[in-house]
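Asker: I have a structure here, written as structure tokens, and I will follow up with some questions on it.
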Amino acid sequence: MYLWKTIWPFGLSVLYPLRFEVPWWETVPAAGILVTISAFVLLRASKHPYAFMGWLWYLGTLVPVIGIVQFGSHSMADRYTYIPHIGLFIAICWTARSVFDRLAWGRTMLQLATILPLFLYSVRTWHHLPAWRDGESLFSQAVAVTKSNFIAHNNLAAALVQKGKLREAQKQLQTVIRIRPEYDRGWLNLIRVLIRQGRSDEASLVCSQGKVHFPNHPTISRLCDMIAPPKMRTTVIAPSNSQ
């Protein structure tokens with residue numbers, strides 16, 4: 747997946763949801779590609795040692811972040827490729843230079859082979875930059891290109907609340923508890939958003955549903971108690987952002 751996103755940088759997200767099961771039609775081709783490249787590089791190691799070294803660098807520094815050891819609630823992160831890509835581009839660039847140097851017009855061809863990808867990736871970067879404008883745009887992009895990304899929906903709700911878009915935030919939080927009902931922050935933030943809208947009856951219903959999943963959760967219980975007395979219905983806390 748990292749190698750594919752390097753070549754085809756579309757569907758990028760600040761947060762990729764954790765996947766507990768990966769279908770075989772994704773793992774088998776990926777493993778086949780890695781084995782093929784590794785075998786080719788190994789066979790050509792004496793002729794192109796820099797390709798061998800660069801590929802080992804790429805694989806060696808990427809292994810800790812491919813999911814064997816789990817970090818946090820995400821399955822992968824684009825930032826994990828910063829160090830591995832040093833080795834990958836050493837292998838690509840030095841091998842390309844070695845190959846093109848042997849060809850007629852090789853220098854010109856190498857320049858074109860360098861300039862064209864740089865131009866295309868620069869255009870792609872320019873198109874992707876608006877996603878990083880603010881929290882709303884960033885997590886809107888995340889939920890648009892990923893599936894069942896409950897943390898991204900929750901963080902999008904937090905960004906919407908900061909802009910006063912409570913109804914939109916409510917929809918995002920309802921999606922959160924639909925995707926992952928055992929995620930307590932989804933329930934807490936939905937209750938808080940409903941209270942801020944003055945919709946205490948709906949908040950009370952959500953409280954009751956939340957207590958089914960978290961019967962001994964102190965914060966959910968406290969919010970439920972807050973809803974009952976009318977004078978306390980405006981005492982709320984804004985939804986929290988979750989990483």
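Counting from 1, position 76 in the sequence shown corresponds to residue 822 in this note's numbering; the numbering is continuous, with no gaps. Heads up, the beta-carbon is just placed ideally off N, CA and C, and yes, glycines get one too. Here the structure is a predicted model, which is why all the values come from computation and not from measurement.
1) Can you tell me where the alpha helix (DSSP H) with Gly956 in it begins and where it stops?
2) Exposed or buried, Leu874, counting other C-beta atoms within 10 Å across all chains shown (16 or more means buried)?
3) Would you kindly work out how many angstroms separate the C-alpha atoms of Ser784 and Val939, rounded to a whole number?
4) Would you say the beta carbon of Phe786 comes nearer than 7 Å to a heavy atom of the ligand MG?
5) Beta-carbon separation of Ala837 and Leu856 under 8 Å?
6) Given 8 Å as the limit, is there contact between the region 860 to 879 and the region 894 to 902, that is, 3 or more CB pairs closer than that?
7) Starting from the N-terminal side, write out each stretch of the alpha helix (DSSP H) that is 4 residues or longer and does not extend beyond the region 870 to 932.
8) Just to confirm before moving on: does the CB-CB distance between Leu936 and Thr965 stay below 8 Å?
9) Taking the continuous alpha helix (DSSP H) assigned at Thr733, which residues delimit it?
10) Among Met799, Ile812 and Leu808, which has the Cα closest to the Cα of Tyr828?
11) Take Met972 as the anchor and find which of Ala949, Leu788, Thr782 and Pro961 has the nearest alpha-carbon.
12) Alpha carbon to alpha carbon, what distance is there between Val760 and Leu864?
13) CB-CB under 8 Å to Pro876, same chain, minus the five flanking residues each way: which ones, in chain order?
14) In chain order, what residues of the same chain lie with their CB nearer than 8 Å to the CB of Arg924, ignoring the 5 residues before and after it?
15) How about Val787 and Ala797: do their beta carbons lie closer than 8 Å?
16) Note the first and the last residue of the continuous alpha helix (DSSP H) segment covering Ala791.
17) I need the DSSP call for Trp801, collapsed to helix, strand or coil.
18) Please go through the same chain and pick out, in chain order, the residues whose beta-carbon is closer than 6 Å to the beta-carbon of Met799, but skip the five residues on each side of it.
19) Does the Cβ-Cβ distance between Gly757 and Trp803 come in under 8 Å?
20) Should Asn962 go down as buried or exposed, given a rule of 16 or more other Cβ atoms within 10 Å for buried?
21) Tell me where the alpha helix (DSSP H) around Ile812 begins and ends.
22) Rounded to the nearest angstrom, how far is the Cβ of Ser844 from that of Pro763, given a contact under 8 Å?
23) Over what stretch of residues does the alpha helix (DSSP H) that includes Leu758 continue unbroken?
24) Could you tell me the alpha carbon to alpha carbon distance between Trp754 and Thr854, rounded to whole angstroms?
25) Rounded to whole angstroms, how far is the Cβ of Leu919 from the Cβ of Gly932, which I believe are closer than 8 Å?
26) Straight-line CA distance for Ala777 to Ala905?
Answerer: The relevant details are as follows:
1) Taking the sequence shown and counting its residues from 1, one reaches residue 956 at position 210. First-last of the alpha helix (DSSP H) with Gly956: Ser946 to His959.
2) As a position in the sequence shown, residue 874 is number 128, starting the count at 1. One detail in the question is off: residue 874 reads as His in this sequence, not Leu. Under a 10 Å Cβ-count criterion, His874 is classified as exposed, with fewer than 16 other Cβ atoms of the shown protein chains found around its own Cβ.
3) Here residue 784 refers to the residue found at position 38 of the sequence shown. Here residue 939 refers to the residue found at position 193 of the sequence shown. Distance from the CA atom of Ser784 to the CA atom of Val939, rounded to whole angstroms, is 52 Å.
4) Looking for the ligand MG in the displayed structure turns up nothing, as the structure carries no ligands at all.
5) Position 91 of the sequence shown, counting from 1, holds the residue named residue 837. Position 110 of the sequence shown, counting from 1, holds the residue named residue 856. Contact flag unset, no.
6) No, they do not touch.
7) Taken in chain order, the whole alpha helix (DSSP H) runs of length 4 or more contained in the region 870 to 932 are 881 to 891, 896 to 908 and 912 to 925.
8) What you label residue 936 is simply residue 190 of the sequence shown in a count that begins at 1. What you label residue 965 is simply residue 219 of the sequence shown in a count that begins at 1. No, the pair does not count as a contact, with Cβ atoms beyond the cut-off.
9) Coverage of the chain is limited to positions 747 through 989, which leaves residue 733 absent and any answer about it impossible.
10) Counting from 1 along the sequence shown, the entry for residue 828 is found at position 82. By alpha-carbon distance to Tyr828, the top candidate from Met799, Ile812 and Leu808 is Leu808.
11) On the sequence shown, position 226 is the one that residue 972 refers to. Nearest C-alpha to Met972: Ala949.
12) In the sequence shown, residue 864 corresponds to position 118, counting from 1. In the sequence shown, residue 760 corresponds to position 14, counting from 1. So the alpha carbons of these two residues sit roughly 23 Å apart.
13) Position 130 of the sequence shown, counting from 1, holds the residue named residue 876. Closer than 8 Å at the Cβ level, and outside the excluded window around Pro876, lie Ser883.
14) The residue labelled residue 924 in the question sits at position 178 within the sequence shown. Beyond the five residues adjoining it in sequence on each side, Arg924 comes within less than 8 Å, by CB distance, of no other residue in the same chain.
15) For the purposes of this step, residue 787 is taken as the residue at position 41 of the sequence shown. For the purposes of this step, residue 797 is taken as the residue at position 51 of the sequence shown. Contact flag set, yes.
16) Taking the sequence shown and counting its residues from 1, one reaches residue 791 at position 45. Ala791 -> no alpha helix (DSSP H), and no H or E assigned at all.
17) As a first step, residue 801 must be located in the sequence shown, where it is residue number 55. Under the three-state reduction of DSSP, Trp801 is assigned to helix.
18) For the purposes of this step, residue 799 is taken as residue 53 along the sequence shown, with counting starting at 1. Hits under 6 Å: none found.
19) Mapped onto the sequence shown, residue 757 falls at position 11. Mapped onto the sequence shown, residue 803 falls at position 57. It is not a contact, given that the beta carbons lie outside the stated cut-off.
20) As a first step, residue 962 must be located in the sequence shown, where it is residue number 216. Looking at its Cβ environment, which holds fewer than 16 other Cβ atoms inside 10 Å, Asn962 is exposed.
21) For the purposes of this step, residue 812 is taken as residue 66 along the sequence shown, with counting starting at 1. Unbroken run through Ile812: none, as it is neither H nor E.
22) Residue mapping note: residue 844 aligns to position 98 of the sequence shown, counting from 1. Residue mapping note: residue 763 aligns to position 17 of the sequence shown, counting from 1. That pair is no contact at about 41 Å.
23) Taking the sequence shown and counting its residues from 1, the one referred to as residue 758 is at position 12. Premise fails: Leu758 is in no alpha helix (DSSP H) and is neither H nor E.
24) Translated into the one-based positions of the sequence shown, residue 754 becomes position 8. Translated into the one-based positions of the sequence shown, residue 854 becomes position 108. Note on geometry: alpha-carbon atoms of Trp754 and Thr854 lie some 25 Å from one another.
25) For this step, residue 919 is matched to residue 173 along the sequence shown. For this step, residue 932 is matched to residue 186 along the sequence shown. The beta carbons of Leu919 and Gly932 sit about 6 Å from each other, so the pair counts as a contact at 8 Å.
26) The residue you call residue 777 lines up with position 31 of the sequence shown. The residue you call residue 905 lines up with position 159 of the sequence shown. Distance between the alpha carbons of Ala777 and Ala905 is about 38 Å.
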